[in-house]
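*Asks:* The listed protein sequences derive, respectively, from chains A and B. If you want my numbering, it's the 1-based position in the first sequence plus 4. If you want my numbering, it's the 1-based position in the second sequence plus 4.
2 protein chains.
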Amino acid sequence: MTPPAPPPLRAPADFSVNQMTVKQLPLPELVTACADLGIRGVGLWREPVQEYGIEAAAKLVRGAGLAVTTLCRGGFLTAHDPAERARALADNRAAIDEAATLGTDTLVLVSGGLPAGDQDRDLPAARERVADALADLAPYAADRAVRLAIEPLHPMYAADRCVVSTLTQALDLAERFPADQVGVCADTYHIWWDDQAPTTLTHATTTGRLHALQLADWTTPLPHGALTGRGQLGDGTIDFPHWRTLARSAGYTGPIEVELFNDTLWARDGREVLTETVRRYVAHAC
Amino acid sequence: MTPPAPPPLRAPADFSVNQMTVKQLPLPELVTACADLGIRGVGLWREPVQEYGIEAAAKLVRGAGLAVTTLCRGGFLTAHDPAERARALADNRAAIDEAATLGTDTLVLVSGGLPAGDQDRDLPAARERVADALADLAPYAADRAVRLAIEPLHPMYAADRCVVSTLTQALDLAERFPADQVGVCADTYHIWWDDQAPTTLTHATTTGRLHALQLADWTTPLPHGALTGRGQLGDGTIDFPHWRTLARSAGYTGPIEVELFNDTLWARDGREVLTETVRRYVAHAC
């Protein structure tokens, strides 16, 4: 007698996969793989969606019954130069339009680093330029039912990618605006080390400003450039149930997105990685 | 006619060089190079000093009129295992003895990361184990006129090297003990991104707990492993006059140590690097 086949793997209802986790999968294959695994949510990235066509992507994803949990990403709002600032604002308005077309209510923003090449070393001033840009963009987004989610990146990116380094800084920025316009995106990879982040996460949630929650694990050694070493869940040092419980206890009812940037995972079969990610989510984050 | 020779380069009186900056120089050559440049302070590391002999090193440095501004480093106090903890405490007592022999009043402590191999992901508990160890070590150090200086390392080292990631965490730990026993070591490389660090640095200084101030610049991209990319002053994004002025305004009268871990600098002639470091200090940190 052969043993009965195990039941097919089904993703938990709150699981969402960020497109970057399996960027080797073209959008139609990602959508099919999600259907096969019972995945109900997907976080999309602008570049592959633009390549596929915004309207076509919206139709494809909607047709499969997939919710678009976030669009990644707008931001990069720290330039001094007026022409460069104008270009950045226009690009962010385009991102907001794309989010609306895709049917997601959340656009993730990465602030940008110190302006390159002009010896500017003033982080507080750069953060204020981000605030100025948010004042411009938030009403435009609100008119299209899109919320801006400021994502703090790990302090190791403060110079060249994101001057907003802690969840507390991100929330302080968000709180200058209405909660249904500007909130935060909390990613465990960026905040796990921070003893202030748990309190801030709770506060953000109870005040309606936790607009997105993302997971990736912290693994060492960091790769050259520190960009593509976000670990598969369970491979590193982050206590995911701790973060999940914090958010859920405070009333967060939204999806939880797994977003991995990882050269080793990208080199593997995308469907296999997606299946593994669902299994790891069940084993390490539920 | 030949133009008159420029006056010889003399280091500012508050400049100290950490031995690691020019680790290619054997201790006697370092001492000679310091004398030639008018450098009055040096931060030493345990391993090269042990290799040379503690007593011999003390005699050599004292004979040259060099002040030992710090000894690096004790710490690594996060183990669970009783035998491993006992070994770590014994090693730290040895480090305190070495500091006393070398005539420095400051032993820099790096806390240690999460214990390897046991799936422990609890950062707050690891920090408490550091506090427990400090309670053991601080009186021993005080009896030998040595102060323990807790050094927060950049959050990118939280998992595998140092669970104390911010100056505020370090000061919170220190404040459980008398100020003349336990304080902090502030290194710009580790704290420059942190919007809370300026206030904490001022508070630490006015309460007599800034036991050491170190400089290194932040440069990108980070190298693989993120350990040996500390930039030469002026090559990166850190505003040194800002940090120097904060400390001096709050009453810090101690030396300022330049501590670079940098493969490129280590591959060059050590005397040339030391001369460059003094020039950069004058140009970028005064």
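Glycine included, C-beta positions come from ideal geometry on N, C-alpha and C. Every value quoted in this text rests on a predicted model; they were computed, and no experiment measured them.
Just list the alpha helix (DSSP H) runs in the stretch 151-209 of chain B, keeping only unbroken ones of 4 residues or longer that don't cross its boundaries, in chain order.
*Replies:* If we require 4 residues or more, the alpha helix (DSSP H) runs fully inside the stretch 151-209 of chain B come out as 171-178 and 192-195.
*Asks:* What's the C-alpha gap between A/T211 and A/A183?
*Replies:* Walking along the first sequence from the start, residue 211 of chain A turns up at place 207. Walking along the first sequence from the start, residue 183 of chain A turns up at place 179. Approximately 7 angstroms between the Cα atoms of the pair.
*Asks:* Distance, Cα to Cα, B/G240 vs B/L64?
*Replies:* If you number the second sequence from 1, residue 240 of chain B lands on position 236. If you number the second sequence from 1, residue 64 of chain B lands on position 60. B/G240 and B/L64: Cα-Cα distance of roughly 35 angstroms.
*Asks:* How about A/S169: is its C-beta nearer than 9 angstroms to some C-beta of chain B?
*Replies:* On the first sequence, position 165 is the one that residue 169 of chain A refers to. With 9 angstroms as the cut-off, A/S169 counts as an interface residue toward chain B.
*Asks:* Does DSSP put A/R252 in a helix, in a strand, or in coil?
*Replies:* Position 248 of the first sequence holds residue 252 of chain A. It is helical.
*Asks:* Answer yes or no: does any C-beta atom of chain A fall closer than 9 angstroms to that of B/T204?
*Replies:* As a first step, residue 204 of chain B is located in the second sequence; it is residue number 200 there, counting from the start. No, no contact with chain A.
*Asks:* Three-state secondary structure (DSSP) at B/G235?
*Replies:* Against the second sequence, residue 235 of chain B aligns to sequence position 231. Residue state, collapsed to three classes: strand.
*Asks:* Can you find a CB in chain B that lies within less than 9 angstroms of the CB of A/R272?
*Replies:* Locating residue 272 of chain A in the first sequence gives position 268, counting from the first residue. Output row for A/R272: interface = no.
*Asks:* Near B/V277, which residues of its chain fall below 6 angstroms by C-beta distance, leaving aside the five closest residues on each side in sequence?
*Replies:* Along the second sequence, one-based indexing puts residue 277 of chain B at 273. So the list reads V26 and L269, once near-sequence residues are dropped.
*Asks:* Using a beta-carbon distance cut-off of less than 9 angstroms, what residues from the stretch 95-115 of chain A approach chain B?
*Replies:* Hits within the stretch: zero.
*Asks:* Based on DSSP bridge pairs, tell me the residues matched to B/T110.
*Replies:* Residue 110 of chain B sits at position 106 when you count from the first residue of the second sequence. BP columns for B/T110 point to B/R151.
*Asks:* Could you run through the stretch 211-222 of chain A and flag, in chain order, every residue whose CB is less than 7 angstroms away from some CB of chain B?
*Replies:* Against chain B - using a Cβ distance shorter than 7 angstroms - the residues of the stretch 211-222 of chain A are W222.
*Asks:* Quick check: what's the CA-CA separation for B/T206 versus B/A254?
*Replies:* Here residue 206 of chain B corresponds to residue number 202 of the second sequence, with the count starting at 1. Here residue 254 of chain B corresponds to residue number 250 of the second sequence, with the count starting at 1. Those two C-alpha atoms are separated by around 6 angstroms.
*Asks:* Which ranges would you report for the beta strand (DSSP E) in the stretch 69-137 of chain B if only whole runs of at least 3 residues count?
*Replies:* DSSP runs (the beta strand (DSSP E)) wholly in the stretch 69-137 of chain B: 71-79 and 110-114.
*Asks:* Quick check: B/C76 and B/M24, are their CB atoms within less than 9 angstroms of each other?
*Replies:* To locate residue 76 of chain B, count along the second sequence from 1; it is residue 72. To locate residue 24 of chain B, count along the second sequence from 1; it is residue 20. For B/C76 and B/M24, yes; Cβs fall inside 9 angstroms.
*Asks:* Expressed to the nearest angstrom, what Euclidean distance is found between the alpha-carbon atoms of B/T74 and B/E263?
*Replies:* If you number the second sequence from 1, residue 74 of chain B lands on position 70. If you number the second sequence from 1, residue 263 of chain B lands on position 259. Approximately 11 angstroms, taken between the alpha carbons.
*Asks:* Establish whether the CB of B/A289 and some CB of chain A are separated by less than 9 angstroms.
*Replies:* As a working note, residue 289 of chain B is residue 285 in the second sequence. Output row for B/A289: interface = no.
*Asks:* With burial defined as no fewer than 16 other Cβ atoms inside 10 Å of the residue's Cβ, what is the status of A/E55: buried or exposed?
*Replies:* For this step, residue 55 of chain A is matched to residue 51 along the first sequence. The residue in question, A/E55, is exposed, as its Cβ has fewer than 16 Cβ neighbours within 10 Å.
*Asks:* Within 10 Å of its beta-carbon, does B/D191 have 16 or more other beta-carbons around it, so buried, or fewer, so exposed?
*Replies:* Counting from 1 along the second sequence, the entry for residue 191 of chain B is found at position 187. Per the 10 Å Cβ criterion, buried.
*Asks:* Which same chain residues, not among the five before or five after A/A230, have their C-beta less than 6 angstroms away from its C-beta?
*Replies:* For this step, residue 230 of chain A is matched to residue 226 along the first sequence. Excluding residues within five positions, the ones whose Cβ falls inside 6 angstroms are M160.
*Asks:* By Cβ distance below 7 angstroms, which residues in the same chain neighbour B/A287 in space, the five residues on each side in sequence not counted?
*Replies:* To locate residue 287 of chain B, count along the second sequence from 1; it is residue 283. Counting only Cβ-Cβ distances below 7 angstroms, and skipping sequence neighbours, we find G238.
*Asks:* Which of the residues in the stretch 125-144 of chain A, read from start to end, lie with their CB under 9 angstroms from any CB of chain B?
*Replies:* Result list: R125, D126, L127, P128 and R131.
*Asks:* Assuming A/A37 is part of the alpha helix (DSSP H), what are its boundary residues?
*Replies:* The count along the first sequence starts at 1 and reaches residue 37 of chain A at position 33. Per DSSP, A/A37 belongs to the alpha helix (DSSP H) from L31 to L41.
*Asks:* Can you find at least 3 beta carbon pairs, one from the stretch 12-19 of chain A and one from the stretch 170-184 of chain A, that sit closer than 8 angstroms?
*Replies:* No, because fewer than three Cβ pairs between the stretch 12-19 of chain A and the stretch 170-184 of chain A fall closer than 8 angstroms, the two stretches do not touch.
*Asks:* For A/C290, count neighbouring C-beta atoms within 10 Å of its own C-beta (all shown protein chains included) and say buried if the count is 16 or more, exposed if not.
*Replies:* Walking along the first sequence from the start, residue 290 of chain A turns up at place 286. With fewer than 16 Cβ atoms within 10 Å of its Cβ, A/C290 is classed as exposed.
*Asks:* Closer than 9 angstroms, CB to CB, is B/L118 near chain A or not?
*Replies:* Position 114 of the second sequence, counted from the first residue, corresponds to residue 118 of chain B. Chain A contact via Cβ: present.
*Asks:* If you follow the beta strand (DSSP E) that A/V26 is in, where does it begin and where does it stop?
*Replies:* What you label residue 26 of chain A is simply residue 22 of the first sequence in a count that begins at 1. From DSSP, A/V26 is part of no beta strand (DSSP E); its letter is neither H nor E.
*Asks:* So, is the C-beta of A/I260 closer than 9 angstroms to a C-beta in chain B?
*Replies:* Translated into the one-based positions of the first sequence, residue 260 of chain A becomes position 256. No, A/I260 lies away from the interface with chain B (no Cβ there is under 9 angstroms from its Cβ).
*Asks:* So which residues on chain A does B/L226 lean against when the C-beta distance must stay under 8 angstroms?
*Replies:* The residue you call residue 226 of chain B lines up with position 222 of the second sequence. Ordered by position in chain A, the residues that pass the 8 angstroms Cβ test against B/L226 are M160, L226, H228, G229 and A230.
*Asks:* Excluding sequence positions up to five away, which residues of its chain have a Cβ less than 6 angstroms from the Cβ of B/I195?
*Replies:* If you number the second sequence from 1, residue 195 of chain B lands on position 191. Once the five neighbours on either side are set aside, the close Cβ partners of B/I195 are L171 and A201.
*Asks:* If B/A153 sits next to B/L106, beta carbons under 8 angstroms apart, how far is it from one beta carbon to the other, in whole angstroms?
*Replies:* Position 149 of the second sequence, counted from the start, is the residue given in the question as residue 153 of chain B. Position 102 of the second sequence, counted from the start, is the residue given in the question as residue 106 of chain B. About 15 angstroms separates the two Cβ atoms, so there is no contact after all.
*Asks:* Excluding the five sequence neighbours on either side, which residues of its own chain have a C-beta within less than 7 angstroms of the C-beta of B/D140, listed in chain order?
*Replies:* Indexing the second sequence from 1 puts residue 140 of chain B at position 136. Here the set comprises L93.
*Asks:* Based on Cα-Cα distance, which residue from A/S115, A/L219 and A/W49 lies nearest to A/P30?
*Replies:* The sequence position of residue 30 of chain A within the first sequence is 26, counting from 1. Per the Cα distances, A/W49.
*Asks:* Terminal residues of the continuous alpha helix (DSSP H) containing A/H215?
*Replies:* As a first step, residue 215 of chain A is located in the first sequence; it is residue number 211 there, counting from the start. Note, A/H215: premise wrong, no alpha helix (DSSP H); beta strand (DSSP E) at L214 to L219.
*Asks:* Inspect the beta-carbon positions of A/Y256 and A/L219 and report whether they are closer than 9 angstroms.
*Replies:* Residue numbering aside, residue 256 of chain A sits at position 252 when the first sequence is read from its first letter. Residue numbering aside, residue 219 of chain A sits at position 215 when the first sequence is read from its first letter. No, the Cβ-Cβ distance between A/Y256 and A/L219 is not below 9 angstroms.
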